[in-house]
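Undergrad:
Number of protein chains: 2
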Amino acid sequence: MNDTFRWLDVDEQRAWRAFLTMNRLLFERVDRQLQCDAGMPHAYYEILVRLSEVPEHALRMSKLAESSTSSRSRLSHAVARLEESGWVRRTADPCDRRGAIAELTAEGFAALEAAAPGHVTSVRETLFDSLTPAQVDQLRAIAEAVTLHLGENPYPTDEGDTPAAEPVGG
Amino acid sequence: MNDTFRWLDVDEQRAWRAFLTMNRLLFERVDRQLQCDAGMPHAYYEILVRLSEVPEHALRMSKLAESSTSSRSRLSHAVARLEESGWVRRTADPCDRRGAIAELTAEGFAALEAAAPGHVTSVRETLFDSLTPAQVDQLRAIAEAVTLHLGENPYPTDEGDTPAAEPVGG
DNA sequence: AGCTCCTAATTGAGAGTTCATCTACTGCGC
DNA sequence: GCGCAGTAGATGAACTCTCAATTAGGAGCT
Chain A
1 MNDTFRWLDV DEQRAWRAFL TMNRLLFERV DRQLQCDAGM PHAYYEILVR
51 LSEVPEHALR MSKLAESSTS SRSRLSHAVA RLEESGWVRR TADPCDRRGA
101 IAELTAEGFA ALEAAAPGHV TSVRETLFDS LTPAQVDQLR AIAEAVTLHL
151 GENPYPTDEG DTPAAEPVGG
Chain B
1001 MNDTFRWLDV DEQRAWRAFL TMNRLLFERV DRQLQCDAGM PHAYYEILVR
1051 LSEVPEHALR MSKLAESSTS SRSRLSHAVA RLEESGWVRR TADPCDRRGA
1101 IAELTAEGFA ALEAAAPGHV TSVRETLFDS LTPAQVDQLR AIAEAVTLHL
1151 GENPYPTDEG DTPAAEPVGG
């Protein structure tokens, strides 16, 4: 493509392929566990987590999309589904009537609390149990570097809003 | 879940969340690039890569599923689509008539060759350009550890078969 | 007011994945 | 040969995601 084009060298190839394999296995398991035990895919769990960490358990759709690294369209569909399940409620924003506010319901919070331990366990078993503390730190540094390089915030939650109440966030 | 249940500690939380953010951004870009420029999602590109690396450019469906870390069902659908595009051909296995053999066509190989540089460029830009060589090595080690811990082979291609011809594998 | 441009969010179609089910064939024991 | 369990793969429905189009409201200008 560029005049500086290079194939991946041997180390990069191995890293990329191992990374792909890890990702498929990891998210396959995490997703399946959540789907079975909590009735929702991981993307939806994340949305509930974001809401649970915000004052009033409510957030503008656009903010929620940012903080869950989700497209607006995806979020619309997701919240529609979560609303059907009774876990989220949508209300109009009184200040800007274009906007909608998604709010975690009591049932949604309860579902999250019920799902969290199983989810954390599966994350621990599939990821952290394999790694040394040094590797956990390396992984964080790598992920932060990549995300920042792509011009994004690695921790979309920390954008000036106040933090969590419960440690539900897996 | 266990009597040894623990929440994620602060370091683990940060690592997990940064990892999630990186993954979404990374695969979103890689997938979009391939979809736009080559007309296939990354999962399908991987299937073509696996076939291209194998003698005769042909493999039993079940072997192909293993080596692309894919479920059988997914592979069936995927190969059906790839067959429509004329990139893969399916023939019956003469030895075991339950089996089917997927074979990369000349058009499929050409499509792969055409797609490879753009794909490698996007992988480089979204991942490797952000990392030091040491981090590339750390990432590989982490991915290998996790994959092995889950009882799988980080490099499903290297299972005793002979290796690649062209460096198409991004 | 009227017009244009922009932002917020929803909607519907199309594509990919998963799950459960189904067909076809193999291999083994009776 | 017959039955039966197990394997290889395909299939259809349900679900999620993406993309493009659409609705609806705000902001600024004349």
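Each protein sequence line maps, in turn, to chains A and B.
Under our numbering, think of the first position of the first sequence as 1, with each following residue one higher.
Under our numbering, think of the first position of the second sequence as 1001, with each following residue one higher.
C-beta atoms are modelled at their ideal positions from N, C-alpha and C, and glycine is treated no differently.
Have a look at leucine 1051 (chain B) and arginine 1081 (chain B) and give me their C-alpha separation to the nearest angstrom.
TA: Roughly 15 Å separates the two Cα atoms.
Undergrad: 7 Å is my cut-off, CB to CB: does glutamine 1033 (chain B) come that close to chain A?
TA: Closer than 7 Å: no.
Undergrad: What separation, rounded to the nearest whole angstrom, lies between the Cα atoms of aspartate 1129 (chain B) and cysteine 1095 (chain B)?
TA: If you take the alpha carbons of aspartate 1129 (chain B) and cysteine 1095 (chain B), they lie about 47 Å apart.
Undergrad: For threonine 157 (chain A), report the span of its alpha helix (DSSP H) as first-last.
TA: Here threonine 157 (chain A) belongs to no alpha helix (DSSP H), and DSSP marks it neither H nor E.
Undergrad: Considering threonine 1121 (chain B), what are the terminal residues of the alpha helix (DSSP H) in which it resides?
TA: 1106–1126 is the extent of the alpha helix (DSSP H) around threonine 1121 (chain B).
Undergrad: For glycine 1160 (chain B), would you say it is in contact with chain A, using Cβ-to-Cβ distances shorter than 7 Å as the test?
TA: Low local confidence applies: a pLDDT of 42 at glycine 1160 (chain B) is under 50, so the model's placement there is unreliable, with the coordinate-based value given in what follows. Cβ-Cβ to chain A under 7 Å: no for glycine 1160 (chain B).
Undergrad: Helix, strand or coil: which one does DSSP assign to arginine 1074 (chain B)?
TA: Correct three-state label for arginine 1074 (chain B): helix.
Undergrad: Indicate whether isoleucine 142 (chain A) and glutamine 1135 (chain B) have their beta-carbon atoms separated by less than 7 Å.
TA: Yes, Cβ-Cβ distance for isoleucine 142 (chain A) and glutamine 1135 (chain B) is below 7 Å.
Undergrad: Which of helix, strand or coil does DSSP assign to glutamate 53 (chain A)?
TA: Glutamate 53 (chain A) falls in the coil class under three-state DSSP.
Undergrad: Residues in its own chain within less than 6 Å of alanine 1115 (chain B) by CB, not counting five upstream and five downstream?
TA: Excluding positions up to five away in sequence, the list reads Ala1038.
Undergrad: Suppose you measure from the CA of alanine 58 (chain A) to the CA of tryptophan 1016 (chain B); what does that come to, to the nearest Å?
TA: Cα to Cα, alanine 58 (chain A) sits roughly 24 Å from tryptophan 1016 (chain B).
Undergrad: Indicate whether threonine 121 (chain A) and threonine 1069 (chain B) have their beta-carbon atoms separated by less than 7 Å.
TA: Cβ atoms of threonine 121 (chain A) and threonine 1069 (chain B): not closer than 7 Å.
Undergrad: Beta-carbon within less than 7 Å of threonine 1126 (chain B)'s beta-carbon, same chain only, minus the 5 sequence neighbours each way: which residues are those?
TA: Leu1026, Arg1029 and Val1030.
Undergrad: Do you know whose CA, among A:Ala92, A:Trp87, A:Gly99 and A:Arg124, lies nearest glutamate 107 (chain A)'s CA?
TA: Nearest option by C-alpha distance: A:Trp87.
Undergrad: Work out the CA separation of proline 154 (chain A) and threonine 147 (chain A) for me, nearest whole Å.
TA: If I take the Cα positions, the gap works out to 6 Å.
Undergrad: By DSSP, does glutamate 152 (chain A) sit in helix, in strand, or in coil?
TA: Three-state DSSP puts glutamate 152 (chain A) in coil, outside helix and strand.
Undergrad: Could you give the DSSP three-state label for leucine 131 (chain A): helix, strand or coil?
TA: Three-state result, leucine 131 (chain A): coil.
Undergrad: Using a Cβ cut-off of 7 Å (strictly closer), state whether histidine 149 (chain A) contacts chain B.
TA: So, interface residue.
Undergrad: How would you list, in chain order, the residues of chain B whose beta-carbon sits under 9 Å from the beta-carbon of tyrosine 155 (chain A)?
TA: What tyrosine 155 (chain A) touches in chain B: Arg1014, Arg1017, Ala1018 and Thr1021.
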